[in-house]
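Visitor: Sharing a structure, written as structure tokens. Questions coming.
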Amino acid sequence: MSSLIYPSFLKPNDRVIMVSPSSRIDKKIIDKAKDRLESWGLKVSYAKHVDGSCDNYAGTIEERRSDFQSAMDHKKAKAIFCTRGGYGAVHFLSDLDFTKFKKYPKWLLGFSDITVLHLLFQKEGFATIHSPMARHLALEPEDEASLLYLRGMLFSKIPTYFCSSHQFNRKGKAVGVLRGGNLSVFSALQGTPYALPPKGTILFIEDIGEHLHAIERCFYNLKYAGVLDQLEGLIVGQFTDYVEDRLLSRRIYRVIADVLKPYSFPVCYNFPIGHTKANYPVISGAKVNFNVEQGRVTLSFVS
């Protein structure tokens, strides 16, 4: 078991490229996020179509693919900062070329729909940062915990996270490679070359706006695909704006806990990651220690 390749952490005056590979976003939000990153001592460039629009997307498929490829190929940039998720990155997943990126590796940042890009980068051997995006940077105060952790992480200050206990937690200790993201997004990639590799994985999950039965279906997908049999641990994050289902009235964490009863790996619930103010950045592809105790949960990065 080993972690993936870490791109170089950032230093003052390093360049970050903001790109919109999925849904469109208001330029005012992008500009405010840029101001925040610049206040951290970074130089920020915009992809050509960062505020583009084509239906609900930030440009046509080719415009978004070209922008993202250009960001990957940039010789001096140290990070690719995705402005938002939504939907759309899957359109060009198989059309990206890593030849130049491997010469000039850089961090990929984002979450939600950006999960597909995290999986692609990790398939190519590179760790990524699952993190807040432009709206969070633009609207939250400087001292908000997720932003403090993100700023530190970009400049190589890697945190250890502690989380309070939850009634459905399952105690245990595990060492594994941290992988995951949006449950609906990576579940949809099962059976493809971009599927999340389960062996040796400590999986983290989050989601937004899904029916309870759709979330349960995703877990049965993971069960029948053999993913749950191979996990070292599971970190259940935030499930926001989910739709109550009259045919499945149990609350979301209970739904998940019921599916997980046959397994013995450690599980924690209510971890601060997802479509919420508390969306702690994590290095996806890193080797981690995961400890679920009676009173608290600890997640620490080994490398």
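If you're matching positions, the sequence shown starts at 89 in the working numbering and goes up one per residue.
Yeah, the Cβ is synthetic: ideal placement off N, Cα and C, and Gly gets one too.
1. Are the stretch 101-113 and the stretch 157-166 in contact at 8 Å, needing three or more beta carbon pairs?
2. Distance, Cα to Cα, residue 193 vs residue 199?
3. To the nearest angstrom, how far is it from the Cα of residue 224 to the Cα of residue 121?
4. How would you label residue 255, buried or exposed, when you count the other beta carbons within 10 angstroms and need 16 or more for buried?
5. Assign residue 226 to one of three DSSP states: helix, strand, or coil.
6. Over what stretch of residues does the beta strand (DSSP E) that includes residue 106 continue unbroken?
7. Hey, residue 354 and residue 267: beta-carbon distance below 8 Å or not?
8. Got a sec? Which residues, its chain only, sit under 6 Å from residue 301 by beta carbon, not counting five neighbours each side?
9. Which whole runs of the alpha helix (DSSP H) in the stretch 292-380 are 4 residues long or more, in chain order?
10. Just to confirm the assignment: which complete beta strand (DSSP E) runs, minimum length 3, are found wholly within the stretch 96-167?
11. Ends of the beta strand (DSSP E) at residue 239?
12. Do three or more CB pairs link the stretch 204-220 to the stretch 131-143 at distances below 8 Å?
13. Using a 10 Å radius around the Cβ and a threshold of 16 neighbouring Cβ atoms, would you call residue 145 buried or exposed?
14. Would residue 238 pass as a contact of residue 219 if the rule is Cβ separation under 8 Å?
15. Can you give me the Cβ contacts of residue 166 inside the same chain, cut-off strictly under 6 Å, excluding the 5 residues immediately before and after it?
16. Taking only three categories from DSSP, how would you classify residue 254?
17. Report yes if the C-beta distance between residue 375 and residue 91 is below 8 Å; otherwise report no.
18. Between which two residues does the beta strand (DSSP E) holding residue 216 run?
19. Could you name the residues that DSSP lists as bridge partners for residue 384?
Guide: So, from the listed chains and residues:
1. yes
2. For the purposes of this step, residue 193 is identified with residue 105 of the sequence shown, where counting begins at 1. For the purposes of this step, residue 199 is identified with residue 111 of the sequence shown, where counting begins at 1. If you take the alpha carbons of residue 193 and residue 199, they lie about 19 Å apart.
3. Mapped onto the sequence shown, residue 224 falls at position 136. Mapped onto the sequence shown, residue 121 falls at position 33. One C-alpha to the other measures close to 8 Å.
4. Translated into positions along the sequence shown, residue 255 becomes position 167. Within a 10 Å sphere around the beta-carbon of residue 255 sit fewer than 16 other beta-carbons, which makes this residue exposed.
5. Within the sequence shown, the letter at position 138 stands for residue 226. DSSP, reduced to helix, strand and coil, places residue 226 within a helical segment of the structure shown.
6. The residue labelled residue 106 in the question sits at position 18 within the sequence shown. Note, residue 106: beta strand (DSSP E), 103-107.
7. As a first step, residue 354 must be located in the sequence shown, where it is residue number 266. As a first step, residue 267 must be located in the sequence shown, where it is residue number 179. Against a cut-off of 8 Å, the Cβ pair of residue 267 and residue 354 comes out as no contact.
8. Mapped onto the sequence shown, residue 301 falls at position 213. Result list for residue 301: 333, 336, in chain order.
9. Listed in chain order, they are 300-312, 315-318, 340-347.
10. 103-107, 131-134
11. Numbered from 1 along the sequence shown, position 151 holds the residue referred to as residue 239. Segment 233-242 is the alpha helix (DSSP H) holding residue 239; no beta strand (DSSP E) there.
12. no
13. Counting from 1 along the sequence shown, the entry for residue 145 is found at position 57. So residue 145 ends up on the buried side.
14. Walking along the sequence shown from the start, residue 238 turns up at place 150. Walking along the sequence shown from the start, residue 219 turns up at place 131. Yes; because the gap between Cβ atoms is below 8 Å, this pair is in contact.
15. Against the sequence shown, residue 166 aligns to sequence position 78. 98, 102, 194.
16. Mapped onto the sequence shown, residue 254 falls at position 166. In the structure shown, residue 254 sits in coil (DSSP, three-state: anything other than H, G, I, E or B).
17. As a working note, residue 375 is residue 287 in the sequence shown. As a working note, residue 91 is residue 3 in the sequence shown. Against a cut-off of 8 Å, the Cβ pair of residue 91 and residue 375 comes out as a contact.
18. The count along the sequence shown starts at 1 and reaches residue 216 at position 128. Unbroken beta strand (DSSP E) run through residue 216: 216-218.
19. Sequence index remark: in the sequence shown, residue 384 carries index 296 (1-based). Per DSSP, 252.
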